[in-house]
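The next block holds one structure in the form of structure tokens; read it before the comments.
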Amino acid sequence: MGEGIVRAFTKMGAAVVSLDVNTTLGSAIADEAGASFQSCDVSDETSVHEAFAAATATLGGLDVLVHAAGVAPAAPAAETDVELWQQVLAVNATGTFLTNRAAFPHLKENGGRIINFASAAGMNGYPGKSAYAAAKGAVLAWTRSIATEWAPFGITANAMAPMIWTSMYDKTRSEMSPEQLAAHDAKIRAMIPIGGKLGDIQQDLVPVVAFLSGEGSRFMTGQTFSVDGGKNMVR
Ligand SMILES: NC(=O)c1ccc[n+]([C@@H]2O[C@H](COP(=O)([O-])OP(=O)(O)OC[C@H]3O[C@@H](n4cnc5c(N)ncnc54)[C@H](O)[C@@H]3O)[C@@H](O)[C@H]2O)c1
């Protein structure tokens, strides 16, 4: 989704610096898209500090932070070891905290937007990915907290709960047996009223992120946007 947003936002005329721990792929995508690139491990305080210093110098400030980095390894709750737990929390939860905190001094100059990628897992739990669900719960609670604390500076902070077909989802699918995959697809068909499968990055996700990045969303903060074909309704 980060790739899709970088490609779409540059096309829309935004000045974009793309950050990723995968320097080879990230810089190739940024080059193609006409964006700049900074290598960054969002779980590492020094790396985040250096990447944000370089990125904001390139841009001459900051209007919008989209934080779409994440990892979602599978493990039954009882077999989750401390190493896996810490790795998942480090990228998803600590990464959100570090990038958001690094963006704050720049955004507070003129107001701005923070869009964090959470997950329905953070609301409903995710059997088989409980560390991931816990990390995304932290993303939601953090996002609501800064939405209030940083509102006086004209900064809004919102969270995404997407169900979008990406390489992360391809990886999740590759970890399933053929029987599990068939059962999964049947469940997804029943769960997603619009289309019966995960959505498309450019058609379904990008327009919402673009809206949340612009002036039209200035009165919306601390919200979780389910871009999921109607899977996650309040009932
Ligand atoms: N795909 C979905 O439907 C779905 C559902 C719910 C939540 N999400 C969340 O949305 C976000 C984007 O998901 P995606 O499907 O595009 O995932 P993806 O795996 O396709 O992309 C994740 C990106 O994060 C980068 N990354 C991983 N660790 C990093 C680190 N330490 N520092 C910097 N970059 C790092 C990866 O290199 C990759 O480019 C994630 O936070 C994910 O948890 C996705």
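When we follow my numbering, the leftmost residue of the sequence shown carries the number 3, and every step to the right adds one.
For glycine and all other residues, C-beta sits at the position ideal for the given N, C-alpha and C.
Since residue i and residue j should fall inside the 8 Å C-beta cutoff, what is the C-beta to C-beta distance between them, to a whole number of angstroms?
i, j, result
"F54", "A133", "About 26 Å separates the two Cβ atoms, so there is no contact after all."
"T82", "S45", "Contact doesn't hold; Cβ gap of about 18 Å is too wide."
"G246", "R191", "Outside the displayed span of the chain (3 to 237) sits residue 246, for which this structure offers no information."
"L61", "A17", "5 Å"
"A120", "V141", "4 Å"
"V23", "T101", "In fact, because the Cβ distance is near 12 Å, the residues do not count as touching under 8 Å."
Using three-state DSSP, classify residue i as helix, strand or coil.
i, result
"N94", "helix"
"Q40", "strand"
"A53", "helix"
"G252", "Here the chain covers residues 3 to 237 and nothing more, so residue 252 does not appear."
"A17", "coil"
"T223", "coil"
"G2", "Here the chain has residues from 3 to 237 only, and residue 2 is not among them."
"T25", "helix"
"T60", "helix"
"T82", "coil"
"V236", "coil"
"G6", "helix"
"G216", "coil"
"D202", "coil"
"M178", "coil"
Using DSSP's beta-bridge definition, name the partner residues of residue i.
i, result
"P164", "V229"
"H69", "N118"
"T158", "R115"
"A77", "K131"
Quick check: residue i and residue j, are their CB atoms within less than 9 Å of each other?
i, j, result
"G139", "G124", "yes"
"P164", "D230", "yes"
"L21", "Q40", "yes"
"M2", "A74", "This structure cannot speak to residue 2, because the chain is shown only from 3 to 237."
"T98", "T150", "no"
"M3", "A70", "yes"
"I117", "L109", "no"
"E47", "I203", "no"
"G36", "N112", "no"
"A57", "S38", "yes"
"V211", "I31", "no"
"F106", "W167", "no"
Does the segment 166 to 185 come within contact of the segment 214 to 225, defined as at least 3 CB pairs closer than 8 Å? In short, these stretches do not touch, since the Cβ pair count stays below three.
Indicate whether the contact test is met: 3 or more Cβ pairs, each with one atom in the segment 90 to 106 and one in the segment 128 to 143, closer than 8 Å. Three or more pairs of CB atoms, one per stretch, sit closer than 8 Å, so the segment 90 to 106 contacts the segment 128 to 143.
So, does the segment 148 to 164 touch the segment 220 to 235, judging by three or more C-beta pairs under 8 Å? Contact annotation: the segment 148 to 164 touches the segment 220 to 235, with at least three C-beta pairs closer than 8 Å.
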